[in-house]
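One structure below.
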Amino acid sequence: MFRRMFQRIGNLRRDQRGSVMLEYSILLLPALMILFGIFEMGMVLFETSVVEGATRDAARRLRTGQAQTSADPAGAFRQTFCASLFGLYNCSSFTFDVRSFSDFTAITLPAPQFDAQGNVSNAQFTPGGAGTIMTVRVIYRHVFATPLIGRLMGAGGGNTLPVTSTAVFKSEPYS
């Protein structure tokens with residue numbers, strides 16, 4: 008009786024049928040997580056690149072004084088920024104923080120504070136005049152498509168990651 012039982016156990020150990028399926032099922036989840044993680048990080052890098060370019064284009068309007076001399080400086084800045092996004096993103100998802108300083112050593116930027124809805128609560132739009140030092144900071148919250156990746160890579164264990172672009176410059180003398 009025991010001999011038969013040990014013989015069956017020995018036969019099961021030598022049986023190779025189904026081993027590939029078992030190995031595949033064990034490796035599938037980690038492989039998919041790595042694949043989705045690569046895709047998500049690619050999206051974050053693409054968003055960062057697009058936001059950097061749009062920030063540069065919009066900051067140019069502040070640097071030359073075109074935005075400040077318009078009827079609505081914040082609207083002119085937003086319009087230029089949104090046009091540079093190529094229609095890829097919803098422009099209302101971006102927060103603009105524009106500040107002016109007397110010289111480069113006076114620059115202090117507070118860390119962005121987020122409210123319960125995920126909006127930046129301490130942003131302001133106060134561009135300076137001709138010859139002033141300005142900082143332009145654009146903040147966007149990237150929402151991860153896969154919640155598990157978002158918890159692993161997101162800020163504070165959440166499902167979002169703040170994408171920030173900053174430009175610092177001295178505005179041109181304009182009239």
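Residue numbers (the numbering used here): 8 to 182. Ideal Cβ positions, reconstructed from N, Cα and C, are used throughout, including at glycine.
Residues near GLY44 by beta carbon distance below 7 Å, same chain, minus five either side: The residue given as residue 44 occupies position 37 in the sequence shown. Excluding residues within five positions, the ones whose Cβ falls inside 7 Å are ILE156.
- request: Please report how far the alpha carbon of ALA61 lies from the alpha carbon of LEU168, in whole angstroms.
  value: One-based indexing of the sequence shown puts residue 61 at position 54. One-based indexing of the sequence shown puts residue 168 at position 161. Straight-line Cα distance between these residues: approximately 19 Å.
query: Any idea what DSSP makes of PHE53, helix, strand or coil?
result: Locating residue 53 in the sequence shown gives position 46, counting from the first residue. Three-state result, PHE53: helix.
query: Per DSSP, what kind of secondary structure is TYR31 in: helix, strand or coil?
result: Here residue 31 is taken as the residue at index 24 of the sequence shown, counted from 1. TYR31 falls in the helix class under three-state DSSP.
Whole-angstrom C-beta distance between ASP104 and ARG68, which should lie under 8 Å: Taking the sequence shown and counting its residues from 1, the one referred to as residue 68 is at position 61. Taking the sequence shown and counting its residues from 1, the one referred to as residue 104 is at position 97. Their Cβ separation, rounded to whole angstroms, is 16 Å, which puts ARG68 and ASP104 out of contact at 8 Å.
message: Measuring CB atoms only, is the stretch 72 to 81 touching the stretch 175 to 182, in the sense that at least three cross pairs come out at less than 8 Å?
response: Result yes; three or more Cβ-Cβ pairs closer than 8 Å.
message: With H, G and I counted as helix, E and B as strand and the rest as coil, what does DSSP make of PRO37?
response: As a first step, residue 37 must be located in the sequence shown, where it is residue number 30. Note: PRO37 maps to helix in three-state DSSP.
Option nearest ARG129 by Cα separation, candidates PRO117, THR139, ALA137: Residue 129 sits at position 122 when you count from the first residue of the sequence shown. Going by the sequence as given, residue 129 is Asn instead of Arg. Nearest option by C-alpha distance: PRO117.
- request: Return the residue from the list MET12, VAL175, VAL27 that minimises the CA-CA distance to ALA113.
  value: Here residue 113 corresponds to residue number 106 of the sequence shown, with the count starting at 1. For ALA113, the nearest C-alpha among the options comes from VAL175.
Backbone secondary structure at PRO169 - three-state DSSP: Along the sequence shown, read from residue 1 onward, the residue named residue 169 stands at position 162. Looking at PRO169 - three-state DSSP - the assignment turns out to be strand.
- prompt: What's the call for MET141, buried or exposed, on a 16-neighbour Cβ count within 10 Å?
  reply: Taking the first residue of the sequence shown as 1, we reach residue 141 at position 134. Note on MET141: 16 or more other CB atoms within 10 angstroms of its CB, so buried under the neighbour-count rule.
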